[in-house]
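Residue numbering for the sequence shown follows UniProt numbering, starting at 1 and increasing by one per position.
Glycine included, every Cβ here is placed at the ideal spot set by N, Cα and C.
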Amino acid sequence: MTTGYTDGRRARGQQRYQLVLDAALDLVSRDGLPALTTRALAAVAGVSLASITYHFPTRADLVYATCAEAVHRDIASTRAILDELRRDFDLRTATPAELADRWLQVSTAPARGMMSVFSLWLEVVRQPDLAPLVVQWNNDTRDLVAAALTEAGASQPISAAKVLCAALDGLRLPTVAFPDATPTRADRDDLALLFSWALGRS
């Protein structure tokens, strides 16, 4: 039988779990996955080591949960970017330059925490069970972009989405080393060319 006490304890446990995950993402965003240890995380999160090991018995469990959360947030961020584009423009008539400008404004913000996501690629070599997360990340992001390209009238939305996603990841990569980096005019022009190719319009 569930009681108010049980519900309250479960809610506190979930809050602590989320607090630890938030701290793990902050730690990885700052110092990369190699820095993610239970002791370092306990210090950053301000909780006991026992609290960390209760939720994540092994470092592999901790790394998996952190990467899964990073992927979940990145996919949610991509969805939010596309929703913002839909609010700002009619995708059927927006110019490639307009789309490129707006995408770069919202997708390369420092708050996106790209270290967490790109670290995942490197960790897969050491922890192969992370591979499904990479597949999920790629497929879900591609499908979101393809859906927007379909709305915009692209003739080959899936293929165009794959190319665009690869290019957009490349544009975001410098923010790992230079969090305050801003897109250049050349970045904007290159992305506009890709949107022009994907949509078949100038």
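Segment contact flag, the stretch 69-81 with the stretch 180-189, C-beta cutoff 8 angstroms, min 3 pairs: no
Simplified DSSP assignment, three categories, for Ala42: Within the sequence shown, residue 42 is the residue found at index 42, counting from 1. Helix.
Close beta carbons around Glu123, own chain, < 8 angstroms, minus the five adjacent residues each side: Here the question's residue 123 lines up with position 123 in the sequence shown. For Glu123, where only same-chain residues beyond five positions count, the Cβ hits under 8 angstroms are Leu33, Val63, Cys67 and Leu130.
First through last residue of the alpha helix (DSSP H) which encompasses Ala160: As a working mapping, residue 160 is identified with position 160 in the sequence shown. That run of the alpha helix (DSSP H) goes Pro157 to Arg172.
Residues of its chain near Ile158, where Cβ-Cβ distance is below 6 angstroms and the 5 sequence neighbours each way are ignored: Translated into positions along the sequence shown, residue 158 becomes position 158. Contacts found: Ala146.
Cβ shell of Asp190 (< 6 angstroms), same chain only, five flanking positions each side left out: As a working note, residue 190 is residue 190 in the sequence shown. Cβ within range, chain order: n/a, list empty.
Three-state secondary structure assigned by DSSP to Ser77: The count along the sequence shown starts at 1 and reaches residue 77 at position 77. In the three-state reduction of the DSSP assignment, Ser77 falls in the helix class, which pools H, G and I.
Assigned exposure category for Thr37 - 16 Cβ within 10 Å defines buried: Taking the sequence shown and counting its residues from 1, the one referred to as residue 37 is at position 37. Per the 10 Å Cβ criterion, exposed.
Arg12 burial status per 10 Å Cβ neighbour count (16 or more: buried): Taking the first residue of the sequence shown as 1, we reach residue 12 at position 12. That one is exposed.
Proximity to Ala80 [Cα-Cα], best of Ser107, Asp90 and Ala65: Along the sequence shown, one-based indexing puts residue 80 at 80. Ranking Ser107, Asp90 and Ala65 by Cα distance to Ala80 puts Ser107 first.
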